[in-house]
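**Q**
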Amino acid sequence: MSIIVITILALCAIGVTAAIILFFVAQKFKVYEDPRIDEVEEALPAANCGGCGYPGCRGFAEALVKADNIDNFLCPVGGAPVMSHVGAILGHEVKAAEPTVAVVRCNGTCENRPKTNQYDGAPSCTIAASLYSGETGCQFGCLGLGECVDACNFDAMYMDKKTGLPVIIEDKCVSCGACVKACPNNIIELRKKGPKSRRVFVSCVNKDKGAIAKKACNVACIGCGKCVKECPFDAITLENNLAYIDYNKCKLCRKCVIVCPTNAIHELNFPPRKEKPAEKPTTASVKPVMAPKAEVKAEEAPKIEPKANDDTTENK
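The numbers in the UniProt record's numbering rise by one with no breaks, and the one at position 264 of the sequence shown is 264.
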């Protein structure tokens with residue numbers, strides 16, 4: 001038998017032996033993957049925004065398949081329809097979750113918060129925040145460089161040139177949370193939309209004492225606590241000189257809005273308030289009006305003019 005044939009047979013034997021070993025090793029250490037993960041991933045919108053709290057739609061699908069109850073899970077992009085479809089695939093009954101929306105908790109416009117210096121650097125809020133407190137006297141407010149707008153993948157935000165603040169387009173916002181993560185001062189928050197998209201929140205994050213906060217911004221929360229005392233539902237707390245409204249407890253009565261001395265509490269999408277009609281005076285409070293007394297003037301006595309003496313006298 002030639003050397004070439006022996007070599008070929010030896011190599012084939014080695015290959016077959018290695019293949020058998022690899023087969024048994026693969027069967028021994030293989031990782032089982034639930035086929036439902038692929039089905040759930042296909043049902044998701046494939047935005048990979050991370051708003052669900054997981055690394056992409058694949059990671060979210062894996063978490064959904066492993067979970068015994070998916071009521072606390074929510075795809076912010078797909079919303080309730082997508083979660084209902086996912087529930088049908090996994091055999092879970094999904095309760096409709098309340099939709100949320102991003103809210104900018106800063107009203108430090110150019111008028112309310114005058115600038116004290118000029119920033120000349122990279123157009124990044126993260127870089128500016130790492131260097132100093134900003135162009136105004138408020139170190140907690142919006143830096144106005146639009147990094148949150150750049151982070152939004154759904155064109156749901158823009159910078160208002162007049163106010164210098166970001167604006168949320170509610171109809172486009174999917175509540176993915178990308179803008180929340182991008183803001184270094186944490187002025188953007190995801191809050192429940194509320195009935196008819198009506199919301200009440202404190203539009204300030206300044207934790208300085210009242211006098212300092214008021215000096216930096218005309219509409220800052222001064223931590224007076226009037227809203228806390230006025231709220232009948234215990235929905236407002238005061239911590240670190242800053243009021244905060246718990247949207248889970250708030251009943252949208254708007255009493256706090258009325259008593260806030262600096263207009264730091266905002267109400268969105270409410271109808272205009274009705275003006276209170278003027279109170280009609282009651283009979284008890286109205287004093288009777290006396291008719292003016294006629295002034296009687298004393299009649300002046302007629303003046304008697306002295307008679308002129310006759311120049312000629314009669315001779316008797």
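Cβ atoms here follow ideal geometry from the backbone N, Cα and C, with glycine treated the same way.
Values in this document were obtained by computation on a predicted structure and should not be read as measured data.
1) How long is the line joining the alpha carbons of residue 323 and residue 48, rounded to whole angstroms?
2) Applying the 10 Å Cβ sphere with the 16-neighbour rule, what's the burial state of residue 234?
3) Counting along the chain, where does the alpha helix (DSSP H) carrying residue 255 start and finish?
4) Cα-Cα, which of 220, 24, 192, 84 is closest to residue 204?
5) By how many angstroms is the C-alpha of residue 196 removed from the C-alpha of residue 99?
6) On the CB-based measure, 16 or more other CB atoms within 10 Å of its CB, does residue 17 come out buried or exposed?
7) Helix, strand or coil, according to DSSP, for residue 26 in the structure here?
8) Kindly give me the distance between the Cβ atoms of residue 217 and residue 108, rounded to whole angstroms, as I take these residues to be in contact under 8 Å.
9) Against chain D, does residue 135 count as a neighbour if the rule is that its beta carbon must be under 9 Å from one of theirs?
10) Where do the ends of the beta strand (DSSP E) carrying residue 266 lie?
11) Leaving out five residues on either side along the sequence, give the residues of the same chain with a beta carbon under 7 Å from the beta carbon of residue 43.
12) Report the rounded CA-to-CA distance for residue 123 versus residue 145, giving the unit in angstroms.
13) Taking buried to mean at least 16 other C-beta atoms within 10 Å of its own C-beta, is residue 116 buried or exposed?
14) Are the beta-carbon atoms belonging to residue 77 and residue 61 less than 9 Å from one another?
15) Return helix, strand or coil for residue 197, following the three-state DSSP convention.
16) Determine the DSSP secondary structure at residue 187, reduced to helix, strand or coil.
17) Based on Cα-Cα distance, which residue from 45, 103, 25 lies nearest to residue 79?
18) For the putative contact between residue 102 and residue 185, defined by C-beta atoms under 8 Å, what is the C-beta separation to the nearest angstrom?
19) What would DSSP say about residue 236, mapped onto helix, strand or coil?
20) Residue 64 lies in the alpha helix (DSSP H); which residues open and close that run?
21) At which residue ranges does the region 152 to 179 contain complete beta strand (DSSP E) runs of 3 or more residues, listed in the order of the chain?
22) Assign residue 229 to one of three DSSP states: helix, strand, or coil.
23) Within a Cβ cutoff of 8 Å, which residues of the same chain sit near residue 165, ignoring the five residues on either side of it in sequence?
24) Give every residue of the same chain whose Cβ lies closer than 6 Å to the Cβ of residue 267, excluding the five residues on either side of it in the sequence, and list them in chain order.
25) Per DSSP, which residues does residue 102 bridge with? Please list them.
26) Considering only the beta carbon of each residue, do residue 224 and residue 261 sit closer than 9 Å?
27) With the cut-off set at 9 Å, would you say residue 156 and residue 51 are in Cβ contact?
28) Residue 93 to residue 192, Cα distance in whole Å?
29) Measure from the alpha carbon of residue 227 to the alpha carbon of each residue in 239, 213, 243, 214, then state which is nearest.
30) What is the DSSP secondary structure of residue 205, counted as helix, strand or coil?
31) Among 10, 26, 139, 35, which one has its Cα closest to the Cα of residue 125?
32) If we count the other Cβ atoms within 10 Å of its Cβ and call it buried at 16 or more, is residue 32 buried or exposed?
33) So, with DSSP's three-state summary, where would you put residue 9?
**A** Working from what's here:
1) Given that the chain is displayed from residue 1 to residue 316, the structure contains no residue 323 and the question cannot be resolved.
2) exposed
3) 255 to 259
4) 220
5) 11 Å
6) exposed
7) helix
8) The Cβ separation is near 5 Å, so the contact holds.
9) The structure shown contains no chain D, having only a single protein chain.
10) 265 to 268
11) 82, 85, 86, 89
12) Cα-Cα distance, rounded: 6 Å.
13) exposed
14) no
15) Helix, per DSSP.
16) In the displayed model, residue 187 falls within coil according to three-state DSSP, outside both helix and strand.
17) The residue with the shortest Cα to Cα distance from residue 79 is 45.
18) Not quite, the Cβ-Cβ distance comes to about 15 Å (not below 8 Å), so this is no contact.
19) strand
20) 56 to 66
21) Listed in chain order, the complete beta strand (DSSP E) runs (minimum 3 residues) inside the region 152 to 179 are 157 to 159, 166 to 168.
22) When secondary structure is reduced to three states using DSSP, residue 229 falls in the helix class.
23) 104, 106, 107, 108, 109, 142, 144, 159
24) Non-local C-beta neighbours of residue 267 in its own chain, meaning closer than 6 Å and more than five positions away in sequence, comprise 200, 254, 257, ordered along the chain.
25) 190
26) yes
27) no
28) 22 Å
29) It is 243 whose Cα lies nearest to the Cα of residue 227.
30) coil
31) Residue 139 holds the alpha-carbon nearest to the alpha-carbon of residue 125 among 10, 26, 139, 35.
32) exposed
33) helix
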